[in-house]
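S.K.: Going line by line, the protein sequences match chains A and B.
Okay, so the first sequence: first residue is 1 according to the working numbering, each after it adds one.
Okay, so the second sequence: first residue is 1001 according to the working numbering, each after it adds one.
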Amino acid sequence: MTEAVLEIAGLCKRFGALLATDNVNLELRAGEIHALIGPNGAGKTTLMQQISGVLSTDSGSIRFLGRDVSNLGVAARARLGLGRTFQISSVIPEFSALRNVMLAVQSRQGTSMRFFSSTRSDRSLIEPAMENLVRVGLADRAATAAAEMSHGERRRLEIAIALALDAKAFLLDEPMAGLGPEGTKALTNLLSELRNVAPILLVEHDMDAVFSLADCVSVLMSGRVIASGPADEIRKDATVRTAYLGGGA
Amino acid sequence: MTEIDLPHRIAWGALLLVALLAPIIVGFDPYLTHVGIIIAFNVALATTLWMIWSLGVISFAHAGFMGVGAYASALVLHKLGLSMWFGLWIGAMVCGALALFISLPLMRTRAVYFFMASWAVGEVIKRNFAYFKDFFGGWDGIFDIKPPVLDLMFVQIDFANRTAYYYLALLFVSLTVWVVYRINSSRTGMIYWAIHENELLAAHTGINVFRHKVICFTIACTLVGITGALYAHYQTYISPKSFDIWKSEFALVHLIVGGLTTVGGPVAGAISLTIVDEVLRASGYFRTIFFGVVLIASVLLLPGGLETIPRRIRAIFQRDSHK
């Protein structure tokens, strides 16, 4: 096995009496898609938010690329290469597709030397942004405002942003939500290519997508990881079937 | 994108040309030149306020910071005996330092809390001018703030001359607008608008939101501090009332009437409303009422502000060409 890019050990988060995440251990290795499944309220989104830094952690540690990032803020983690897409949407609706990606590109490059020059003719910004739009198949939509894009297009735009951020790991929170069969298929293909760029931690309810994509699956129930292992084993696991996949199905 | 750039450049160039020729057009009329200078100050105030707006907030402390620049420059003249050429920059630095210090807690607040906190900051600045009587002159303010004299080798320009002061104000206001415009169209401006739309998303693309907010606020306040110094040496008299909350609110009205999405908005809003205000001056008591009517009418009839006029005209022509 290759080394872990993201290592989570003993992670806890308490909201009052509710333990949203309870001693979660997780590893994300290079080149893999690790799916996180579980019923609503299992703590998947809380866990994603802890990893990306939106929520603080009560106890436990998050190591990213061998470095403890538990005490870093959202922006600092993003700069290290933790790329995240949201359950709702993580694009700026008023910006065009190109400008959304340009924002990510400049974040990698820094503003220091170009504090004063116009972005409109800045090739060092536009060209990498355009490249990433091509990679996700949105080149012809570059000038379109994100607000006017379809749901599926916005999802692809999010991935272009994560690519532009030079993400070393992707955190994808229900990327398939609200997509039709066509959109799901297109995104599944995109994600299976994306794993070669950086490993993916995927929260997803679409079980067909999960089992066709994931190398490794962890099942979360009431904040605890009740099972974790290769996708095939999890599919057969009896406790998982009763807990989540629908009893005797 | 270049086809959009060209009309923009023509519009800005035409505006600058009119501004440069304005004293000649009005035949060096002292009153109209005075209006021109007031327009220049209001444009600078609105434009720098708009820069803070690009972060998504409106600062009601803005006129207060203009006051800091004004008082600093006036005190440099009276206590240290240095002319505005020094006071202007010292005022800007004092303003910037104070803005940096205050923005550290202020920029941690959001939305309506920011409005309230900034309102309080503006009020506290004003009250301090009034309270420390020996230093700031209390409610009576500071008198006799002399305009500067520029002593070149062969010529001497006395800025007590109104036309001369008009060009001085025009120079600094043009620079202010240019700086704000350039920052706004740069990567930094792109970051500000991203923060404006959604702070959390901006953070997720690796942007240090807090630091950018502090820097933006400090730059905008430094620029308005320069405007304050120019204001003080033009009026030759300042008091706490010159920089109260109403001045910030009028600047906000200039933004709303002019438009909020481009730097052309505050410029157009400040120019047109300052003229409207001067025209209404004759109506005396009813002036504020008329001003309110103009404001409501413009919001109802021209949503998006004056900056949308070129787009509306273009839309009309496009509709005709499709017939």
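Note that beta-carbon positions come from the ideal geometry of N, C-alpha and C, so glycine has one too.
1. Could you tell me whether the stretch 1047-1061 of chain B touches the stretch 1252-1263 of chain B, using the rule of 3 or more Cβ pairs below 8 Å?
2. With the cut-off set at 7 Å, would you say A252/A and S96/A are in Cβ contact?
3. Considering Cα atoms alone, identify which of R154/A, R235/A, K168/A is closest to M176/A.
4. Could you confirm whether any beta carbon from chain A is found closer than 7 Å to the beta carbon of N1208/B?
5. Could you tell me whether the Cβ atoms of S192/A and L213/A are closer together than 7 Å?
6. Roughly how many angstroms lie between the CA atoms of R79/A and V1076/B, to the nearest whole one?
7. Which one of I1090/B, A1120/B, G1091/B has the shortest CA to CA distance from S1103/B?
8. Just to make sure I have the definition right: I need the residues of chain B whose C-beta is within less than 7 Å of the C-beta of Q258/A. Which are they?
9. Check whether the Cβ of H1204/B lies closer than 7 Å to any Cβ atom in chain A.
10. Can you grab the Cα-Cα spacing for the pair I1226/B / S1083/B, in whole Å?
11. Keeping to the same chain, check which residues put their C-beta closer than 7 Å to that of F1129/B; ignore five residues upstream and five downstream.
12. Report yes or no: do three or more beta-carbon pairs, one from the stretch 199-209 of chain A and one from the stretch 29-49 of chain A, lie closer than 8 Å?
13. Is there a Cβ of chain A sitting closer than 7 Å to that of N1201/B, yes or no?
14. Residues of the stretch 1117-1143 of chain B with a CB closer than 8 Å to any CB of chain A: list them in chain order, please.
15. Measuring straight from C-alpha to C-alpha, what distance separates V1173/B and L1100/B?
16. Return the residue from the list E32/A, L6/A, I126/A, D58/A that minimises the CA-CA distance to R195/A.
17. Run the CB neighbour count on L1248/B, radius 10 Å, all protein chains shown included, and call it buried at 16 or more, exposed below.
18. Using the C-alpha atoms, what's the distance from C12/A back to G247/A?
19. Just list the residues that DSSP pairs A4/A with in beta bridges.
20. Please confirm if A1194/B has its CB atom under 7 Å from at least one CB of chain A.
21. For the putative contact between L157/A and L172/A, defined by C-beta atoms under 8 Å, what is the C-beta separation to the nearest angstrom?
22. From the DSSP output, in three-state form, read off R224/A for me.
23. Would you please verify whether the beta carbon of E1307/B is less than 7 Å from any beta carbon of chain A?
24. Roughly how many angstroms lie between the CA atoms of K18/A and T46/A, to the nearest whole one?
25. Using 7 Å as the threshold, is the C-beta distance between L98/A and A147/A below it?
26. The beta strand (DSSP E) that contains D1140/B, what's its start and end?
27. Using the three-state DSSP reduction, which class does T184/A fall into: helix, strand or coil?
28. Where P1007/B and F1317/B are concerned, what is the direct C-alpha to C-alpha distance, given to the nearest angstrom?
29. Out of L1020/B, A1011/B, R1311/B, C1221/B, which one is the CA nearest neighbour of L1171/B?
30. Run the CB neighbour count on P1023/B, radius 10 Å, all protein chains shown included, and call it buried at 16 or more, exposed below.
31. Which class does S59/A belong to by DSSP, given the choice of helix, strand or coil?
32. Going by C-alpha to C-alpha distance, which of G1141/B, G1087/B, L1200/B, A1194/B sits closest to V74/A?
33. For G229/A, which of helix, strand or coil comes out of DSSP?
34. Would you mind stating whether G1064/B and F1243/B have Cβ atoms separated by less than 7 Å?
35. Determine, for R79/A, whether the minimum Cβ-Cβ distance to residues of chain B falls below 7 Å.
36. Taking all protein chains shown into account, do 16 or more other C-beta atoms lie within 10 angstroms of the C-beta of N225/A, making it buried, or fewer, making it exposed?
M.R.: In terms of the structure at hand:
1. yes
2. Chain A is shown from 1 up to 249; residue 252/A falls before or after that span and cannot be answered.
3. For this step, residue 176/A is matched to residue 176 along the first sequence. Checking every option, the nearest Cα to that of M176/A belongs to R154/A.
4. Here residue 1208/B refers to the residue found at position 208 when the second sequence is read from its first residue. True, the Cβ-Cβ gap to chain A drops below 7 Å.
5. For this step, residue 192/A is matched to residue 192 along the first sequence. For this step, residue 213/A is matched to residue 213 along the first sequence. Closer than 7 Å, so yes.
6. Taking the first sequence and counting its residues from 1, the one referred to as residue 79/A is at position 79. Taking the second sequence and counting its residues from 1, the one referred to as residue 1076/B is at position 76. R79/A and V1076/B: Cα-Cα distance of roughly 45 Å.
7. Within the second sequence, residue 1103/B is the residue found at index 103, counting from 1. Nearest C-alpha to S1103/B: A1120/B.
8. Lying before the first or after the last residue shown, residue 258/A is absent from chain A, which here runs from 1 to 249.
9. Start at 1 with the first residue of the second sequence, and residue 1204/B comes out as number 204. Judged by the 7 Å Cβ criterion, H1204/B is in contact with chain A.
10. Your numbering for residue 1226/B matches position 226 in the second sequence. Your numbering for residue 1083/B matches position 83 in the second sequence. Roughly 14 Å separates the two Cα atoms.
11. The sequence position of residue 1129/B within the second sequence is 129, counting from 1. Taken in chain order, the residues that qualify are G1067, Y1071, F1136, P1240.
12. yes
13. The residue you call residue 1201/B lines up with position 201 of the second sequence. A quick correction: the sequence has Leu, not Asn, at residue 1201/B. Yes, because at least one Cβ of chain A sits closer than 7 Å to the Cβ of L1201/B.
14. none
15. Taking the first residue of the second sequence as position 1, residue 1173/B is located at position 173. Taking the first residue of the second sequence as position 1, residue 1100/B is located at position 100. When rounded, the distance between both Cα atoms is 22 Å.
16. For the purposes of this step, residue 195/A is taken as the residue at position 195 of the first sequence. For the residues E32/A, L6/A, I126/A, D58/A, the minimum Cα distance to R195/A belongs to E32/A.
17. What you label residue 1248/B is simply residue 248 of the second sequence in a count that begins at 1. Residue identity check: residue 1248/B is Ser in the sequence provided, not Leu. Burial call: buried.
18. Residue mapping note: residue 247/A aligns to position 247 of the first sequence, counting from 1. Residue mapping note: residue 12/A aligns to position 12 of the first sequence, counting from 1. Caution is warranted here: a pLDDT of 47 is assigned to G247/A, below 50, making its placement in the model unreliable, and the coordinate value is therefore given only provisionally. About 28 Å.
19. Residue 4/A sits at position 4 when you count from the first residue of the first sequence. Its beta-bridge partners are R29/A.
20. As a first step, residue 1194/B must be located in the second sequence, where it is residue number 194. By this cut-off, A1194/B is an interface position.
21. Taking the first sequence and counting its residues from 1, one reaches residue 157/A at position 157. Taking the first sequence and counting its residues from 1, one reaches residue 172/A at position 172. Contact flag wrong, Cβ pair sits at about 13 Å.
22. Along the first sequence, one-based indexing puts residue 224/A at 224. Reduced to three states, the DSSP call for R224/A is strand.
23. Start at 1 with the first residue of the second sequence, and residue 1307/B comes out as number 307. By this cut-off, E1307/B is not an interface position.
24. The residue you call residue 18/A lines up with position 18 of the first sequence. The residue you call residue 46/A lines up with position 46 of the first sequence. The sequence given here has Leu at residue 18/A, not Lys. Those two C-alpha atoms are separated by around 12 Å.
25. Taking the first sequence and counting its residues from 1, one reaches residue 98/A at position 98. Taking the first sequence and counting its residues from 1, one reaches residue 147/A at position 147. No. Outside cutoff.
26. Taking the first residue of the second sequence as position 1, residue 1140/B is located at position 140. Neither: D1140/B is in no beta strand (DSSP E) and is coded neither H nor E.
27. On the first sequence, residue 184/A is found 184 positions in, with the first residue counted as 1. Residue state, collapsed to three classes: helix.
28. By one-based count along the second sequence, residue 1007/B stands at place 7. By one-based count along the second sequence, residue 1317/B stands at place 317. Their backbone Cα atoms lie some 15 Å apart in a straight line.
29. Here residue 1171/B refers to the residue found at position 171 of the second sequence. It is L1020/B whose Cα lies nearest to the Cα of L1171/B.
30. As a first step, residue 1023/B must be located in the second sequence, where it is residue number 23. The residue in question, P1023/B, is buried, as its Cβ has 16 or more Cβ neighbours within 10 Å.
31. To locate residue 59/A, count along the first sequence from 1; it is residue 59. If DSSP states are grouped into helix, strand and coil, S59/A belongs with the strands.
32. Within the first sequence, numbered from 1, the residue matching residue 74/A stands at position 74. Minimum Cα distance to V74/A is reached at L1200/B.
33. Residue mapping note: residue 229/A aligns to position 229 of the first sequence, counting from 1. In the structure shown, G229/A sits in a strand (DSSP, three-state: E or B).
34. Taking the second sequence and counting its residues from 1, the one referred to as residue 1064/B is at position 64. Taking the second sequence and counting its residues from 1, the one referred to as residue 1243/B is at position 243. For G1064/B and F1243/B, yes; Cβs fall inside 7 Å.
35. Position 79 of the first sequence holds residue 79/A. Closer than 7 Å: yes.
36. In the first sequence, the residue the question calls residue 225/A occupies position 225. The sequence as given places Val at residue 225/A; Asn does not occur at that position. Its Cβ being crowded by 16 or more others within 10 Å, V225/A is buried.
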